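What follows is a single structure, written as structure tokens, with notes after it.
Numbering (our numbering), first residue to last: 7 to 404.
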């Protein structure tokens with residue numbers, strides 16, 4: 007008998023008996039061999055008129071986030087670069103904005119790009135961003151949760167969470183729940199979570215989310231990274247399920263995406279240089295050999311956010327009245343969202359993503375960690391979203 011949904015610190019994943027439990031060999035194989043079209047180049051999605059649309063991209067000061075933000079703005083959107091005050095080894099957001107304006111040769115207006123500071127290593131910083139967004143009164147049409155890191159050793163934040171868990175997973179959940187109410191009046195809003203094929207290599211252990219067991223993080227924390235990407239992909243599927251059962255949010259589409267193996271700032275972290283020789287040199291050689299550039303990586307975000315066949319059907323979107331979302335049946339948006347976009351192709355994902363008990367338990371754990379039940383006023387999160395599926399307890403019993 008698997009643990010209850012409410013047992014959010016259970017040993018392992020607490021899978022249903024019908025859900026395959028992958029071993030280490032299988033996880034490792036698909037982690038490194040699961041990418042669709044490795045090294046292949048793809049084209050932009052069909053161009054769209056994004057004038058009047060608001061887009062938030064976290065981690066947009068560099069890498070694939072910067073490239074995605076550029077295309078969103080080039081096609082007319084107002085783009086918020088949600089980034090921290092960058093350390094010396096990253097491009098500062100103000101320099102990023104100057105670069106993108108220069109690159110566009112006047113096609114992007116300075117008013118289209120804004121830097122809003124947020125540090126995902128601080129829950130208070132994310133909350134401050136969320137309050138600022140809500141106070142702005144803006145509608146969010148696209149939220150791209152893209153910020154991420156990989157650290158070489160167990161680091162606990164001031165909030166009490168393991169750093170990789172907080173930045174790569176929990177912070178994106180909190181950001182989403184703050185921004186979500188502003189999507190109610192958007193015509194066809196989308197949320198894109200940058201997950202990874204590395205979610206195939208993750209291990210789900212509810213008793214070890216913050217590395218309480220002091221298990222090895224692997225080379226440069228790759229094990230922590232894989233685990234957080236698995237959690238984010240599972241949460242993405244569960245979020246879509248709950249959105250589809252909501253009167254206010256059933257028109258919102260959410261996807262996870264894998265951008266490819268990218269040579270981005272995640273590899274410029276100083277902790278890599280501290281690895282014993284010749285590991286940094288070997289790692290750099292492998293990255294140069296197998297990676298695609300940041301523009302190609304950004305296509306996963308852009309396709310997930312904009313491509314028509316990865317969203318609601320045009321006939322459904324056209325039913326929307328001015329300032330009102332499209333008319334959808336309860337549960338209908340499940341058919342269109344909650345996918346894993348591997349580079350630019352909707353693909354399969356780890357079997358845990360289809361396990362209703364695992365998804366619900368993870369959802370419950372996030373609400374507990376974020377203290378959602380105590381949130382009030384401008385900090386209220388998730389309280390207008392559906393609770394656990396009515397049939398879930400019956401699934402538990404069976």
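Yeah, the Cβ is synthetic: ideal placement off N, Cα and C, and Gly gets one too.
Being a predicted model, the structure only gives us computed values, none of them experimental.
request  = Let me know the secondary structure DSSP gives residue 386 once reduced to three states.
outcome  = coil
query = Are the Cβ atoms of residue 309 and residue 347 separated by less than 8 Å?
reply = yes
request  = Quick one: grab the DSSP three-state call for residue 127.
outcome  = coil
query = DSSP three-state call for residue 321: helix, strand or coil?
reply = helix
ask   = Mind pulling the beta strand (DSSP E) runs of 3 or more residues that sit fully within the stretch 75-150?
value = 84-89, 119-123
Reference residue 415; option with closest CA among 148, 145, 168 = Nothing about residue 415 can be reported from this structure: the residues present for the chain run from 7 to 404 only.
key: Cβ-Cβ distance between residue 201 and residue 176 below 8 Å   = no
key: Nearest residue (CA-CA) to residue 28, options 206, 185, 383   = 206
query = Measuring CA to CA, which of 312, 387, 124 is closest to residue 147?
reply = 312
request  = State the DSSP-derived secondary structure class of residue 153, mapped to helix, strand or coil.
outcome  = coil
inquiry  = Short of 8 Å in beta carbon distance, which residues of its chain neighbour residue 162, apart from the five on each side in sequence? Order them along the chain.
reply    = 168, 169, 216
query = Is residue 199 helix, strand or coil by DSSP?
reply = strand
ask   = For residue 237, which of helix, strand or coil comes out of DSSP?
value = helix
request  = Measuring alpha carbon to alpha carbon, tell me which of 83, 97, 374 ends up nearest residue 89.
outcome  = 97
query = Quick one: is residue 150 buried, meaning 16 or more other Cβ sit within 10 Å of its Cβ, or exposed?
reply = buried
query = So, helix, strand or coil for residue 252, using DSSP?
reply = coil
request  = Report back the beta-carbon spacing between residue 240 and residue 180 to the nearest angstrom; my notes put them in contact at under 8 Å.
outcome  = The Cβ separation is near 17 Å, so there is no contact.
query = Identify the residues that DSSP records as bridge partners of residue 209: which are they?
reply = DSSP, once it has assigned bridges, lists no residue as partnering residue 209.
ask   = Just reading off the alpha helix (DSSP H) that residue 260 is part of, what are its end residues?
value = Taken as a continuous stretch (DSSP letters only), residue 260 belongs to no alpha helix (DSSP H), being part of the beta strand (DSSP E) at 259-264.
inquiry  = So the candidates are 80, 104, 42; which of them puts its Cα closest to the Cα of residue 68?
reply    = 104
Residue 358 - DSSP class collapsed to helix/strand/coil = helix
task = Confirm, please, whether the CB-CB distance from residue 243 to residue 192 is below 8 Å.
result = no
key: residue 370, buried or exposed, once every other Cβ within 10 Å from all chains shown has been counted against 16   = buried
ask   = What are the partner residues of residue 346, as DSSP defines its beta bridges?
value = 262, 353
DSSP-derived helix/strand/coil call for residue 214 = helix
task = Take residue 325 and list the residues in its own chain whose beta-carbon comes closer than 8 Å to its own, dropping the five residues that flank it on each side.
result = 332, 333
ask   = Within the chosen definition, does the stretch 217-230 reach the stretch 351-366 through at least 3 CB pairs nearer than 8 Å?
value = no
task = In angstroms with no decimal places, state the Cα-to-Cα distance between residue 141 and residue 316.
result = 31 Å
key: Spatial distance of residue 52 from residue 80 (CA atoms)   = 13 Å
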